[in-house]
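Visitor:
Residue numbers (this note's numbering): 92 to 250.
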């Protein structure tokens with residue numbers, strides 16, 4: 092029950108924070124879902140982390156705060172983040188999993204979806220660049236938050 096409550100709070104946080112972007116050159120990135128994915132990967136594990144990513148994507152799409160591309164990117168990133176954390180038991184592994192899962196694999200899976208939705212070909216490098224910028228920023232924020240919690244002995248990792 093505790094994991095469900097933590098994941099639910101993070102879903103709400105992810106929806107609220109999805110309205111906040113950070114300008115990076117000519118682009119705007121939305122790193123907070125990636126931050127949440129890394130934090131949940133460590134605290135609640137893969138099932139709740141992926142469930143929270145799916146729930147956040149659903150709510151963001153219903154509220155017109157996101158796009159259908161949020162589903163594969165966030166869910167793959169959440170799963171790989173939790174998987175690598177479980178395998179290596181290290182916060183850096185969770186951050187790396189989010190970057191690879193969302194920035195590379197999520198972008199590759201989203202490519203045909205983006206082309207279908209836009210009705211015209213989109214450059215794959217465009218998706219990889221935007222997904223990667225956002226996931227690197229979010230994974231770094233999540234890493235820092237988890238390091239602070241760990242150093243203050245406030246981090247209760249997934250059992």
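All residues carry an ideal CB built from backbone N, CA and C; glycine is no exception.
On a predicted model such as this, the values are computed, not experimentally measured, just so you know.
#1: Can you give me the C-alpha to C-alpha distance between residue 165 and residue 105, rounded to a whole angstrom?
#2: Quick check on residue 159: does DSSP put it in helix, strand or coil?
#3: If you follow the alpha helix (DSSP H) that residue 137 is in, where does it begin and where does it stop?
#4: Are any of the Cβ atoms in chain D nearer than 8 Å to that of residue 229?
#5: What are the boundary residues of the beta strand (DSSP E) that residue 122 is part of?
#6: For the structure I just gave you, are there three or more beta carbon pairs, one from the stretch 206-226 and one from the stretch 93-104, closer than 8 Å?
#7: Is it true that the CB of residue 189 sits closer than 8 Å to the CB of residue 146?
#8: State the DSSP-derived secondary structure class of residue 203, mapped to helix, strand or coil.
#9: With residue 219 as the anchor, note down where its alpha helix (DSSP H) starts and where it stops.
#10: Just to confirm, is the Cβ distance from residue 148 to residue 139 under 8 Å?
#11: Could you give the first and the last residue of the continuous beta strand (DSSP E) run that contains residue 113?
#12: Thinking residue 120 and residue 160 are a contact (beta carbons under 8 Å), I'd like their distance in whole angstroms, please.
#13: Would residue 222 and residue 198 be called neighbours here (beta carbons separated by less than 8 Å)?
#14: Flag this pair as touching only if the stretch 178-197 and the stretch 150-158 have three or more C-beta atom pairs under 8 Å; answer yes or no.
#15: When DSSP labels each residue in this structure, what does residue 250 get in the three-state scheme?
#16: Run the CB neighbour count on residue 250, radius 10 Å, all protein chains shown included, and call it buried at 16 or more, exposed below.
Guide: Answer, in terms of the structure:
#1: Approximately 11 Å, taken between the alpha carbons.
#2: Three-state result, residue 159: coil.
#3: 137-153 is the extent of the alpha helix (DSSP H) around residue 137.
#4: Reference to chain D is not applicable here, since this structure consists of a single protein chain.
#5: Where residue 122 is concerned, there is no enclosing beta strand (DSSP E), given that its DSSP letter is neither H nor E.
#6: Contact between the stretch 206-226 and the stretch 93-104 is absent, because fewer than three Cβ pairs lie under 8 Å.
#7: No, the Cβ-Cβ distance between residue 146 and residue 189 is not below 8 Å.
#8: In this structure, residue 203 counts as helix in the three-state DSSP scheme.
#9: Where residue 219 is concerned, the enclosing alpha helix (DSSP H) starts and stops at 215-242.
#10: Going by C-beta atoms, residue 148 is not nearer than 8 Å to residue 139.
#11: Run containing residue 113: 113-115, per the beta strand (DSSP E) assignment.
#12: Contact between residue 120 and residue 160 fails: their C-beta atoms lie close to 14 Å from each other, not under 8 Å.
#13: It is a contact, given that the beta carbons lie within the stated cut-off.
#14: Result no; under three Cβ-Cβ pairs closer than 8 Å.
#15: Any reading at residue 250 is ruled out, since the residue's pLDDT is 47, under 50, leaving its predicted position unreliable.
#16: In this prediction, residue 250 has a pLDDT of 47, which is less than 50 and means its spatial position is unreliable; nothing more can be read from the coordinates.
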